[in-house]
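All remarks here apply to the structure that follows.
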């Protein structure tokens, strides 16, 4: 943490020094005025003419006259100056290593370099601020969606508890129906035994005592009644079995639906948690990039490396 603070302080000091130098160069360029070239003497020698011309080009003479004008640069000087300024602007877009080179190119090149450097750093800071605002907005949206999911989860938990209560009631009803079915089956067995006994008695009576036709008819009538009761018992048993199957299917369908809803909710909560973790990591990376003064390309390379 101390190393990071020292680096930031050093960068701030360097930017402050470069800004002061740029302002000083601007003031000097505004205050500097030069006299036009003096006229050459008539018919000078070739060597003297070249020496005078070079001295006048490299060292302009300042006079104390009230009217102060600036010498108009030649086309070659203008082209050279433009190339120097373009080189300074290109060096300003680099991260380091351009200060010493620009210092040797002249005041105007250094001024262009410092201006371009300040604009580049300003654009980078603005872009990082916009990225931070976007990250905070996405984090806020994720928190709101998480709150909505929490409300839905609570509602689903209430539904689960209600469904479990209904399942307990259905289980109690199923147990009652099964008990009734067992009782009906036991009654059917007893009824079959009585019918078998009655049929045996009827057969014995028909084969041995012909005078007891009246009793036999009554026994046959009783047998028919017992058979009718047996059919009713069988029908009642089938109805109870169908009702039991229907209850089982209903309970199974509700249990499957509840399990699907629970799985979907868990999947949604897991995805939202992963999204919040990603946003938090991006926020930490972005804050670290702002403190370190990294460019957008370096920041993206760091994210891809992770």
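In the UniProt record's numbering, the protein residues as written are 1 to 306.
Quick reminder that beta carbons are idealized off the backbone N, C-alpha and C, glycines included.
A quick note: this is a predicted structure, and the numbers were derived from the prediction, not measured.
If the criterion is Cβ atoms closer than 9 Å, does the pair residue 244 and residue 191 meet it?
no
Nearest-angstrom Cβ-Cβ length linking residue 289 and residue 128, presumed shorter than 8 Å:
7 Å
Whether residue 237 touches residue 184 by CB criterion (9 Å)
yes
Top-ranked residue by Cα proximity to residue 133, from 291, 300, 298 and 283
283
DSSP state of residue 253 mapped onto helix, strand, coil
helix
Would you say the segment 218 to 231 touches the segment 138 to 146, given that touching needs at least three Cβ pairs under 8 Å?
no
Beta-carbon proximity list for residue 280, same chain, < 8 Å, skipping 5 on both sides:
139
Length of the line joining the Cα atoms of residue 214 and residue 250
54 Å
Closest by C-alpha distance to residue 264, when choosing among 232, 149 and 137
149
Taking the Cβ atom as the reference point for each residue, do residue 270 and residue 156 lie within a distance shorter than 9 Å?
no
Considering only residues of the same chain and omitting the five flanking positions on each side of residue 152, which have a CB-CB separation below 8 Å?
265
For residue 291 and residue 123, what's the separation of their Cα atoms in angstroms?
15 Å
Please report how far the alpha carbon of residue 130 lies from the alpha carbon of residue 287, in whole angstroms.
12 Å
On the premise that residue 160 lies in contact with residue 258, defined as a C-beta separation below 8 Å, what is that separation, rounded to the nearest angstrom?
6 Å
Looking only at C-alpha atoms, which of 230, 234 and 167 sits nearest to residue 195?
230
Own chain residues within Cβ distance below 6 Å of residue 158, not counting five before or after
none
Residues near residue 177 in its chain [Cβ-Cβ closer than 8 Å; skip 5 each side]
240, 243, 244 and 247
Inspect the beta-carbon positions of residue 233 and residue 188 and report whether they are closer than 9 Å.
yes
Whether residue 126 touches residue 255 by CB criterion (9 Å):
no
Could you tell me the distance, in whole angstroms, from the CA atom of residue 301 to the CA atom of residue 293?
14 Å
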